[in-house]
Amino acid sequence: MLESSAARVIILTLDLAGTAVFAISGAAVGVKHRLDIFGVCVLGFIAASAGGMIRDVVIGAVPPAALSDWRYATVSIVAAVVTFWRHPRIERLRLPVLVFDAAGLGLFAVAGTQKALAFGLGPFASAALGMITGIGGGVVRDVLVREIPTVLRSDLYALAALAGSSVVVGGELLGWPPAATAPAGAVLCFAVRLLAIRGRWSLPTAGDAGEE
Amino acid sequence: MLESSAARVIILTLDLAGTAVFAISGAAVGVKHRLDIFGVCVLGFIAASAGGMIRDVVIGAVPPAALSDWRYATVSIVAAVVTFWRHPRIERLRLPVLVFDAAGLGLFAVAGTQKALAFGLGPFASAALGMITGIGGGVVRDVLVREIPTVLRSDLYALAALAGSSVVVGGELLGWPPAATAPAGAVLCFAVRLLAIRGRWSLPTAGDAGEE
Amino acid sequence: MLESSAARVIILTLDLAGTAVFAISGAAVGVKHRLDIFGVCVLGFIAASAGGMIRDVVIGAVPPAALSDWRYATVSIVAAVVTFWRHPRIERLRLPVLVFDAAGLGLFAVAGTQKALAFGLGPFASAALGMITGIGGGVVRDVLVREIPTVLRSDLYALAALAGSSVVVGGELLGWPPAATAPAGAVLCFAVRLLAIRGRWSLPTAGDAGEE
Numbered sequence: 074m075l076e077s078s079a080a081r082v083i084i085l086t087l088d089l090a091g092t093a094v095f096a097i098s099g100a101a102v103g104v105k106h107r108l109d110i111f112g113v114c115v116l117g118f119i120a121a122s123a124g125g126m127i128r129d130v131v132i133g134a135v136p137p138a139a140l141s142d143w144r145y146a147t148v149s150i151v152a153a154v155v156t157f158w159r160h161p162r163i164e165r166l167r168l169p170v171l172v173f174d175a176a177g178l179g180l181f182a183v184a185g186t187q188k189a190l191a192f193g194l195g196p197f198a199s200a201a202l203g204m205i206t207g208i209g210g211g212v213v214r215d216v217l218v219r220e221i222p223t224v225l226r227s228d229l230y231a232l233a234a235l236a237g238s239s240v241v242v243g244g245e246l247l248g249w250p251p252a253a254t255a256p257a258g259a260v261l262c263f264a265v266r267l268l269a270i271r272g273r274w275s276l277p278t279a280g281d282a283g284e285e
Numbered sequence: 074m075l076e077s078s079a080a081r082v083i084i085l086t087l088d089l090a091g092t093a094v095f096a097i098s099g100a101a102v103g104v105k106h107r108l109d110i111f112g113v114c115v116l117g118f119i120a121a122s123a124g125g126m127i128r129d130v131v132i133g134a135v136p137p138a139a140l141s142d143w144r145y146a147t148v149s150i151v152a153a154v155v156t157f158w159r160h161p162r163i164e165r166l167r168l169p170v171l172v173f174d175a176a177g178l179g180l181f182a183v184a185g186t187q188k189a190l191a192f193g194l195g196p197f198a199s200a201a202l203g204m205i206t207g208i209g210g211g212v213v214r215d216v217l218v219r220e221i222p223t224v225l226r227s228d229l230y231a232l233a234a235l236a237g238s239s240v241v242v243g244g245e246l247l248g249w250p251p252a253a254t255a256p257a258g259a260v261l262c263f264a265v266r267l268l269a270i271r272g273r274w275s276l277p278t279a280g281d282a283g284e285e
Numbered sequence: 074m075l076e077s078s079a080a081r082v083i084i085l086t087l088d089l090a091g092t093a094v095f096a097i098s099g100a101a102v103g104v105k106h107r108l109d110i111f112g113v114c115v116l117g118f119i120a121a122s123a124g125g126m127i128r129d130v131v132i133g134a135v136p137p138a139a140l141s142d143w144r145y146a147t148v149s150i151v152a153a154v155v156t157f158w159r160h161p162r163i164e165r166l167r168l169p170v171l172v173f174d175a176a177g178l179g180l181f182a183v184a185g186t187q188k189a190l191a192f193g194l195g196p197f198a199s200a201a202l203g204m205i206t207g208i209g210g211g212v213v214r215d216v217l218v219r220e221i222p223t224v225l226r227s228d229l230y231a232l233a234a235l236a237g238s239s240v241v242v243g244g245e246l247l248g249w250p251p252a253a254t255a256p257a258g259a260v261l262c263f264a265v266r267l268l269a270i271r272g273r274w275s276l277p278t279a280g281d282a283g284e285e
């Protein structure tokens, strides 16, 4: 089962790494919207922890790890402060935000799936919760600064998260070791997302013809 | 008590029917905002499941049915895909969205009240949770596409949901069979909402005189 | 421990007082946005209860007090209706909203911290939950009317809440009586917030030089 010590270390490591990159992503959005230093830290923390908190509340793992474990808040505040001070120019932040966001998406989708499986949830719910863990923080982040969440627009955002979490669920069903499927899922999600951004891949919208 | 087999069937049926109509409502809003096919499905699923997930988390029924039972996601994704492909013209969607939304409101308000009562909550909390189940999905849907939620504007939206859930709670207090009060509550909510839309009923706003 | 009868009375009193002032704050925002009477009540109730409901769900205290105890809804609806009828002119509401909001912030930050401690959470999580209790209702209120939440902008909003909750946590660690630290924390939060508004205190934003 996944409740072994190795699984716990994998979950913690993925969670903390995802926390750092999502906090950078949230802080960069905060800097772009000219929030003050505390607002940038709050948005960094929210972007990093909202997805995981939704997951933890939904699977009954309360209080959520993001609150009961001081390391999550520490990591996201450090990441947010560094982002606040080191951003060279605001307009240059678009690409790094997208890349960090893609990395966090992959890490969180995989970590969320792992944790849901470890709590005994079924394959469908675990894959869905992995996706929610991945996209939740970004959705809340975007809502708070009044942007329509990236996940609802193009570029295969949620689909990439779902691909990553599905790899973990599939591996679990096939009895493959999580130490192999977790990195594979995270890399798949990251790659799909980056290729989608680079290639401007997009899914169809209704009535494309009439747009311009 | 409501924990009988009949009550469970009633709750499941109302939940799935409400899921379908709310998913259509969410997908139609997504089409209107020109989201891609995956965004339309996500918005459909969120509109269909957010209210029930809030209810389930609040009453401690975790993991929420919308995630642990694959039928909810399947129903909402099918409904969203059908909506995506079959909308004839985007501008014609206003009225169907309102009507499906009213139907979903009634079904969810009643189903949410039933489930809260079945989990042993009191009359006030059950009526409130019924209303929240009904309005929660629409609120999250509207927030995600940056509209002020319908529930906060006129047309007796939340009041209709509260009327429907109050019928179920009142019937429970009087010992009437849920098989009678549940449809009655749903129809009452649906009728109030449609009449309010049709008759342009509205509640007073502060300082109406100064508006024009 | 904090589970004594006195602590329960303190928590209830702070909760109800905070509920009233946050409901006034939420209702005033609703009036400003020209919502109808029911929308004003809903926004008042949400502003008053969302922070506490997030806290209760996160610490596993379900169903949340705001739903299981009718006094919270009664207090917030009465406060919202009074606000609806007694606002003299809409444009005069800016200052009262800020002051009531500051009072609610202090009361909720302290009450939330107390309750988290009473449920056995650690110092860091309790302080964080106190802050979330304080800022949660205002964040949801602002998101619903499409404003970027006050907490993310300047004026030390979340920092004031954190100062108040830290006083309670510090007192708990030092073994001081909650009957002394709770009022002290609330007053500190209120004072910091009012002084910040009055003195236009603000924290630095990134790239201040380029703003003009």
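Chains as they are written, first to last, in the numbering used here: chain A, 74 to 285; chain B, 74 to 285; chain C, 74 to 285.
Where a beta carbon is used, it is the ideal one built from N, C-alpha and C, also for glycine.
Quick check on the burial criterion: 16 or more other C-beta atoms within 10 angstroms. Buried or exposed for residue i?
{"i": "Val212 of chain A", "result": "buried"}
{"i": "Thr86 of chain C", "result": "exposed"}
{"i": "Arg266 of chain C", "result": "buried"}
{"i": "Met74 of chain B", "result": "Low confidence applies to Met74 of chain B: its pLDDT is 42, below 50, so where it sits in the model is not reliable enough to give any reading."}
{"i": "Ala194 of chain A", "result": "Reading the sequence as shown, one finds Leu at residue 194 of chain A and not Ala. Flag for Leu194 of chain A reads buried."}
{"i": "Gly112 of chain C", "result": "buried"}
{"i": "Val82 of chain C", "result": "exposed"}
{"i": "Leu261 of chain C", "result": "buried"}
{"i": "Glu245 of chain B", "result": "buried"}
{"i": "Gly210 of chain B", "result": "buried"}
{"i": "Arg144 of chain B", "result": "exposed"}
{"i": "Ser78 of chain A", "result": "exposed"}
{"i": "Gly272 of chain C", "result": "exposed"}
{"i": "Pro251 of chain B", "result": "buried"}
{"i": "Leu168 of chain A", "result": "exposed"}
{"i": "Leu247 of chain A", "result": "exposed"}
{"i": "Ser128 of chain C", "result": "Here the sequence assigns Arg to residue 128 of chain C, which means Ser is not the residue at that position. That one is buried."}
{"i": "Arg159 of chain B", "result": "exposed"}
{"i": "Ala253 of chain A", "result": "exposed"}
The alpha helix (DSSP H) spanning residue i covers which residue range?
{"i": "Glu245 of chain A", "result": "230 to 247"}
{"i": "Ser122 of chain A", "result": "110 to 132"}
{"i": "Phe72 of chain C", "result": "Because chain C here runs from 74 to 285, residue 72 of chain C falls outside it and cannot be looked at."}
{"i": "Phe211 of chain B", "result": "Checking the sequence, you will find Gly at residue 211 of chain B rather than Phe. Here the alpha helix (DSSP H) through Gly211 of chain B covers 196 to 217."}
{"i": "Ala148 of chain C", "result": "What sits at residue 148 of chain C in the sequence shown is Val, not Ala. Looking at the DSSP string, the run of the alpha helix (DSSP H) that includes Val148 of chain C is 143 to 159."}
For a quick check, are the C-beta atoms of residue i and residue j less than 7 Å apart?
{"i": "Gly258 of chain A", "j": "Val183 of chain A", "result": "yes"}
{"i": "Ser98 of chain B", "j": "Phe118 of chain B", "result": "no"}
{"i": "Thr156 of chain C", "j": "Ala100 of chain C", "result": "yes"}
{"i": "Val130 of chain B", "j": "Val130 of chain A", "result": "yes"}
{"i": "Ala236 of chain A", "j": "Ile208 of chain A", "result": "no"}
{"i": "Val241 of chain C", "j": "Gly133 of chain B", "result": "no"}
{"i": "Gly177 of chain B", "j": "Gly103 of chain B", "result": "no"}
{"i": "Cys114 of chain C", "j": "Ala153 of chain C", "result": "yes"}
{"i": "Asp109 of chain A", "j": "Leu276 of chain C", "result": "yes"}
{"i": "Arg214 of chain B", "j": "Ala120 of chain B", "result": "yes"}
{"i": "Phe263 of chain B", "j": "Gly185 of chain B", "result": "no"}
{"i": "His106 of chain B", "j": "Val218 of chain B", "result": "yes"}
{"i": "Ser297 of chain B", "j": "Ala198 of chain A", "result": "Any answer about residue 297 of chain B is impossible in this case: the structure gives chain B only from 74 up to 285."}
{"i": "Thr229 of chain A", "j": "Ala269 of chain A", "result": "At residue 229 of chain A the sequence reads Leu, which differs from the Thr that was named. Contact: yes."}
Among all the DSSP beta bridges, which residues are the ones paired with residue i?
{"i": "Thr278 of chain B", "result": "C:Asp109"}
Notebook entry, point to check: Are the region 193 to 206 of chain A and the region 196 to 207 of chain C touching, with three or more C-beta to C-beta distances below 8 Å?
Noted result: no
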